[in-house]
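Residue numbers (our numbering): 1 to 59. No residue lacks a Cβ here, since even glycine has one placed at the ideal position from N, Cα and C. Computed from a predicted structure; not experimentally measured.
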Amino acid sequence: MVEDVVTTGGALLASCRLLRANGARVDSVVCAIDREQGGRENLAAEALELYAALTRRDL
Numbered sequence: 001m002v003e004d005v006v007t008t009g010g011a012l013l014a015s016c017r018l019l020r021a022n023g024a025r026v027d028s029v030v031c032a033i034d035r036e037q038g039g040r041e042n043l044a045a046e047a048l049e050l051y052a053a054l055t056r057r058d059l
């Protein structure tokens, strides 16, 4: 899964759940910016690893 900005991860979680329900294997998310507002933790709770090019601290 690819996303531009991750905040809480809510939209990503919904998409990943839908994909998984239809048989897709989703285990990673790539984003340009992690806003560091709980998204990484929320994704990890559903076995999704987040890879971010930048974080809020980097900016």
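Heavy atom of the ligand MG within 7 Å of residue 25 beta-carbon: This structure lacks the ligand MG, and indeed carries no ligand of any kind.
Simplified DSSP assignment, three categories, for residue 46: coil
Every unbroken beta strand (DSSP E) inside the region 3-39 [3 residues or more]: 28-34
Proximity below 8 Å, CB of residue 27 to CB of residue 50: no
Paired residues, beta bridge with residue 52 - DSSP: 31
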